[in-house]
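Just so you know, we're using the numbering used here here: the sequence shown kicks off at -3 and counts up by one.
In this text, a Cβ means the ideal position worked out from N, Cα and C, and glycines have one as well.
Treat the numbers as computed from the prediction; the structure is a model and nothing was measured.
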Amino acid sequence: MDIDQGLRLGDGAAHFAMRSATATSATLVVDGRGSVTLERLPETDVWTGSLEGVRPGDTYHLLVDGPSGPRDDFDPTRPLLDPYARGIVRTPTVSADADQHQHQHQDQDQHPGKDQDRDEDQHQDAAQRWTSVVVDDAFDWGDSVKPVIPLDRAVVYEANVRTLTAANHAVPEHLRGTYAGVAHESTIAHLQRIGVTTLELLPVHAFDTEHWLQDAGRENAWGYNTLGFFAPHAAHASADARARGADGVLREFKGMVRLLHEAGIQVVLDVVYNHTAEEGLGGPTSSLRGIDGANRYRWASDDTYFDTTGCGNTLDTSVEATADLVLDSLRYWAREVQVDGFRFDLMAALARDASHVFDPAHPLLERIRQDPDLQDVLVIAEPWDVGPDGWRTGSFGPTGGPGTGTGTGTESGSESGSGSGTSEWNDGFRNTVRQFWLTDIAQERRSGVPGSGIGALAGALTGSRSIFGVPRGPLAGVNFVTAHDGFTLHDLTAYNTKHNAANGEENRDGSNDNRSFNHGVEGETEDRGVRAARGRSMRNLLGTLFLSAGIPMLTAGDERSRTQNGNNNAYVVSEDLTPVGWSDDEDAEAMTETVAALTALRAAHPALRPYRYGVDGQSTPSASRMTWYGPDGGPMTGEWWDQPIHRAVQWFVESTPEHEPYDRVLVVVHGSGRTRDLALPVRDDVLAYRLAWSSEKHRDHDRHRPAGTVFTAYGPGIHVFDVL
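Written out as structure tokens, the structure is:
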């Protein structure tokens, strides 16, 4: 549909359009300016109208009526948000009774034992409702342009606006935990220090706290509960910006993007198009459910929601109007707000057809790939949902060749994919790496034999070819060890089990499959031996992350050894929602230096950043040529790959130069607590090796080691050698 949706100012009037296939009447109300009855365009689902005298800063809402079927929720007296609103604010409370009324409706699907019947009266009290705001989009971008970062050079940093700078005393107090704080010079300097190219922000679309949490006096900290897909979350803006209204909030957000771009850092948004804050049946009706609920959500045959998100509802992207809403939102943020990419929460939910079956060629996915405004954006999928057949890692191709997602004609490659390529969160990498460095080592301590061989880790190091396949290449995978949901890096090495009591759900929430290892003590300890072992494990995990083919993603605070006290689901504001630490703590500084060294090492070695999968011993353009050696320095043989007693390998990897100088590097992995001697490989083209980085502390990094020299690995570790 070519008609612009939402409210637009022009020619002295506000011009409004919305879509509803099921409404029978609709009215636009602009507070203090008047109202207009919307007219439905013939043979369409589009409703339009115009109203004179509207100005930026005016608040407005919709009143929509329609049938009263089992899937409908119309009420011509209930104020509703414009689904395309570019500003969203909350009206002030005028009475305690109103506040109680507003919070009594909640999603019962996730909380057994509570009344699941839809309340006969689910009106939002006007005193507590969210309302749309007319916004002035004007902004001076100056000379700012989007950074062009080749995909192989990307280092993604996942962060929460609130917790990234809340404890940074270099940021003025009134800017901590805000968009302005993210763009503060000290924040940018830190990101540059650790080699971050791409800042991925947890949801910044306007969101609400789930009403069952509000009833418990708690607050959503992550933002995966969207009110509107066009407005930035106002609470993340500074008080000064909020005082200037929705215009001020949007300008602060754009200012953040501009300053990050000027520093050469991309901005990627974590977007939640799979469900809305309207929750399940009986939840708060604030927008789409009261406009076209029978058409916009997925329904089961018994007139209940078909929910594949675990959040009460699932948007139906097989419906054109819903798919258009997603595309229009993406275009707005990419074009008008200049963001560089999107990470799609539960993207499998967006790719289900009208029968709720996953379709890798879903029309919405194809439209995203082919949309002209989205050709140069980074597209990252969380490739699963919680519905039937919902685990879909490896199903979101194609990923284009060099240049895709980074602009065209980059120095790193001449090919450009047809449409935007999609990279996917690689949970297989996460599981393999945790298993190898943590649970296998724990098993070795208990039984004397680790739980697995070296083969799976070798697959992770080389880009998870078994998951993504040759046509797509290793950059189809976003490798990660931790993310916002789950243990932090520190807690992976300090807790065997989750400790989520602070969430108020009696420790029932959060995954029980953590693949963690506390190294002998549950939680914090002053035992130097335990702390040293944990530090080594963290360095092993980080080393594997940054040395592996694919796109590495680091979770904010892992470079500072941040703990959540064993909470692996810190989605509510509590004592476990710890901000990134900015103090001069010795351990935190050491871990920061580790990350900085590893990202610099990765940048310096094209062999570690291939676009394509290589074949052992063969040369493939834009791939890396790999040769595997055993602990004795000879060729790796079959028996060494999968037997738990053999957990050492030497990976000699060479680049196939096209756009960067020829490069080669040797990576030595030893996955056992036992000390072991390894003979560095003898090759006709190698004189010696020089240690460039090691997860063991206090190794000699300057000495040249001739080929064939014995290198002793003291316990589990990963070691990188420059080849001379």
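Give the list of continuous alpha helix (DSSP H) stretches no shorter than 4 residues that lie fully inside the region 164 to 217. Listed in chain order, they are 175 to 178, 181 to 189, 207 to 211.
W721 lies in the alpha helix (DSSP H); which residues open and close that run? Because the chain here runs from -3 to 720, residue 721 falls outside it and cannot be looked at.
Determine the direct distance from the alpha carbon of A259 to that of N221, and round the result to whole angstroms. Taking the sequence shown and counting its residues from 1, the one referred to as residue 221 is at position 225. Taking the sequence shown and counting its residues from 1, the one referred to as residue 259 is at position 263. Straight-line spacing of the CA atoms in N221 and A259 works out to 31 Å.
Between the CA atoms of A227 and H180 - distance to the nearest angstrom: To locate residue 180, count along the sequence shown from 1; it is residue 184. To locate residue 227, count along the sequence shown from 1; it is residue 231. Approximately 22 Å between the Cα atoms of the pair.
Taking the alpha-carbon positions, what's the T633 to G455 distance? As a working note, residue 633 is residue 637 in the sequence shown. As a working note, residue 455 is residue 459 in the sequence shown. The straight-line gap from Cα to Cα measures roughly 15 Å.
Considering only residues of the same chain and omitting the five flanking positions on each side of Y80, which have a CB-CB separation below 6 Å? Here residue 80 refers to the residue found at position 84 when the sequence shown is read from its first residue. Around Y80: Q1, G2, F226.
C-alpha gap between A344 and G386, whole angstroms: Position 348 of the sequence shown holds residue 344. Position 390 of the sequence shown holds residue 386. Using only the alpha carbons, I get a separation of about 7 Å.
When burial is assigned at 16 or more other CB atoms within 10 Å of the CB, is A10 buried or exposed? Here residue 10 refers to the residue found at position 14 when the sequence shown is read from its first residue. Buried is the call here.
Using the three-state DSSP reduction, which class does Q727 fall into: helix, strand or coil? Since the displayed the chain opens at -3 and closes at 720, residue 727 lies outside it and no answer follows.
Count the other C-beta atoms from every protein chain shown that fall within 10 angstroms of the C-beta of V706, then say buried if there are 16 or more, exposed otherwise. Numbered from 1 along the sequence shown, position 710 holds the residue referred to as residue 706. Under this definition V706 is an exposed residue.
Counted within 10 angstroms of its Cβ, other Cβ atoms place I261 as buried (16 or more) or exposed: For the purposes of this step, residue 261 is taken as the residue at position 265 of the sequence shown. That one is buried.
Along the beta strand (DSSP E) that carries Q262, what are the first and last residues, could you check? Locating residue 262 in the sequence shown gives position 266, where the first residue counts as 1. Per DSSP, Q262 is one residue of the beta strand (DSSP E) stretching across 262 to 267.
Let's test the definition: count the other Cβ atoms within 10 Å of the Cβ of G337 and tell me whether it reaches 16, buried, or not, exposed. By 1-based counting over the sequence shown, the position of residue 337 is 341. Looking at its Cβ environment, which holds 16 or more other Cβ atoms inside 10 Å, G337 is buried.
Among L76, T87, G8, nearest to E48 - alpha-carbon criterion: Translated into the one-based positions of the sequence shown, residue 48 becomes position 52. Checked all of L76, T87, G8; the closest Cα to E48 is G8.
Closest Cα partner of V576 within the set A593, D659, H486, L471: If you number the sequence shown from 1, residue 576 lands on position 580. Of the listed residues, the one whose Cα sits closest to V576 is H486.
Which residues in the same chain have their Cβ closer than 6 Å to the Cβ of V322, if we skip the five residues on either side of it in sequence? By 1-based counting over the sequence shown, the position of residue 322 is 326. Within the same chain, V322 has close Cβ partners Y269.
Cα-Cα, which of N216, W126, A235, I190 is closest to E169? Sequence index remark: in the sequence shown, residue 169 carries index 173 (1-based). When N216, W126, A235, I190 are compared, the shortest CA-CA separation from E169 is found for A235.
Residue environment, E420, which counts as buried when at least 16 other CB atoms sit within 10 Å: On the sequence shown, position 424 is the one that residue 420 refers to. E420 comes out buried.
Out of curiosity, what's the CA-to-CA distance linking E664 and A134? Stepping through the sequence shown from its first residue, residue 664 is reached at position 668. Stepping through the sequence shown from its first residue, residue 134 is reached at position 138. For clarity, residue 664 is Val in the given sequence; the question names Glu instead. Going from the Cα of V664 to the Cα of A134 covers about 54 Å.
In whole angstroms, give me the CA-to-CA distance for P548 and V50. In the sequence shown, counting from the first residue as 1, residue 548 sits at position 552. In the sequence shown, counting from the first residue as 1, residue 50 sits at position 54. A straight-line Cα-Cα distance of about 47 Å links P548 and V50.
Among F340, G711, Q646, nearest to L453 - alpha-carbon criterion: Numbered from its first residue, the sequence shown carries residue 453 at position 457. Nearest C-alpha to L453: Q646.
DSSP state of A122, grouped into three classes? Taking the first residue of the sequence shown as position 1, residue 122 is located at position 126. Low per-residue confidence applies at A122: pLDDT is 42, beneath 50, and the placement is therefore not dependable, though the value from the model is reported in the following sentence. Here A122 carries a helix assignment [DSSP, helix/strand/coil].
Can you list, in chain order, the residues of its chain whose CB lies under 6 Å from that of W43, leaving out five sequence neighbours each side? Taking the sequence shown and counting its residues from 1, the one referred to as residue 43 is at position 47. Listed in chain order, the non-local C-beta contacts of W43 below 6 Å within the same chain comprise M14, A22, L34, R36, local neighbours out to five positions each way being set aside.
Does L187 pass the burial test, meaning 16 or more other C-beta atoms within 10 Å, or should it be called exposed? The sequence position of residue 187 within the sequence shown is 191, counting from 1. The residue is buried, with at least 16 neighbouring Cβ atoms inside 10 Å.
Is the distance from the Cβ of A490 to the Cβ of N514 below 8 Å? Here residue 490 is taken as the residue at index 494 of the sequence shown, counted from 1. Here residue 514 is taken as the residue at index 518 of the sequence shown, counted from 1. In contact: A490 and N514 (Cβ atoms closer than 8 Å).
From I(-1) to D320, what distance separates their C-alpha atoms? Sequence index remark: in the sequence shown, residue -1 carries index 3 (1-based). Sequence index remark: in the sequence shown, residue 320 carries index 324 (1-based). Taking the straight line from one Cα to the other gives about 11 Å.
Contact belief for V716 with L471 at Cβ below 8 Å, rounded distance in angstroms: Residue numbering aside, residue 716 sits at position 720 when the sequence shown is read from its first letter. Residue numbering aside, residue 471 sits at position 475 when the sequence shown is read from its first letter. At roughly 21 Å, the Cβ-Cβ gap does not stay under 8 Å, so V716 and L471 are not in contact.
Given V719, which residues of its chain have a CB within under 7 Å of its CB, disregarding the five upstream and five downstream residues? Taking the sequence shown and counting its residues from 1, the one referred to as residue 719 is at position 723. Residues of the same chain with a CB within less than 7 Å of the CB of V719, apart from the 5 flanking positions on each side, are R660, V661, L662, V682, Y685 in chain order.
Could you compute how far the alpha carbon of R721 sits from the alpha carbon of L597? Limits of the chain in this structure are -3 at one end and 720 at the other, which puts residue 721 out of reach.
Given that a residue counts as buried once 16 or more other Cβ atoms are within 10 Å of its Cβ, and exposed if not, what is D312? As a working mapping, residue 312 is identified with position 316 in the sequence shown. Around the beta carbon of D312, a 10 Å sphere encloses 16 or more other beta carbons of the protein chains shown; the residue is thus reported as buried.
What is the DSSP secondary structure of D523, counted as helix, strand or coil? Stepping through the sequence shown from its first residue, residue 523 is reached at position 527. Here DSSP, grouped into helix, strand and coil, assigns D523 to coil.
Tell me, to the nearest whole angstrom, how far the beta carbon of A19 is from that of D288; I am working on the premise that it is less than 8 Å. As a working note, residue 19 is residue 23 in the sequence shown. As a working note, residue 288 is residue 292 in the sequence shown. About 7 Å separates the two Cβ atoms, so the contact holds.
Rounded C-beta distance between E215 and L209? I'm assuming under 8 Å. Within the sequence shown, the letter at position 219 stands for residue 215. Within the sequence shown, the letter at position 213 stands for residue 209. Their Cβ separation, rounded to whole angstroms, is 7 Å, which keeps E215 and L209 in contact under 8 Å.
How long is the line joining the alpha carbons of V178 and A479, rounded to whole angstroms? Counting from 1 along the sequence shown, the entry for residue 178 is found at position 182. Counting from 1 along the sequence shown, the entry for residue 479 is found at position 483. Each residue's alpha carbon lies about 19 Å from the other.
If you check the beta carbons only, do I84 and L77 fall under 8 Å apart? Against the sequence shown, residue 84 aligns to sequence position 88. Against the sequence shown, residue 77 aligns to sequence position 81. The criterion of a C-beta distance shorter than 8 Å is satisfied by I84 and L77.
Kindly indicate which three-state DSSP category F355 falls into: helix, strand or coil? By one-based count along the sequence shown, residue 355 stands at place 359. Phe is not the amino acid found at residue 355; the sequence shown has Asp there. Three-state result, D355: coil.
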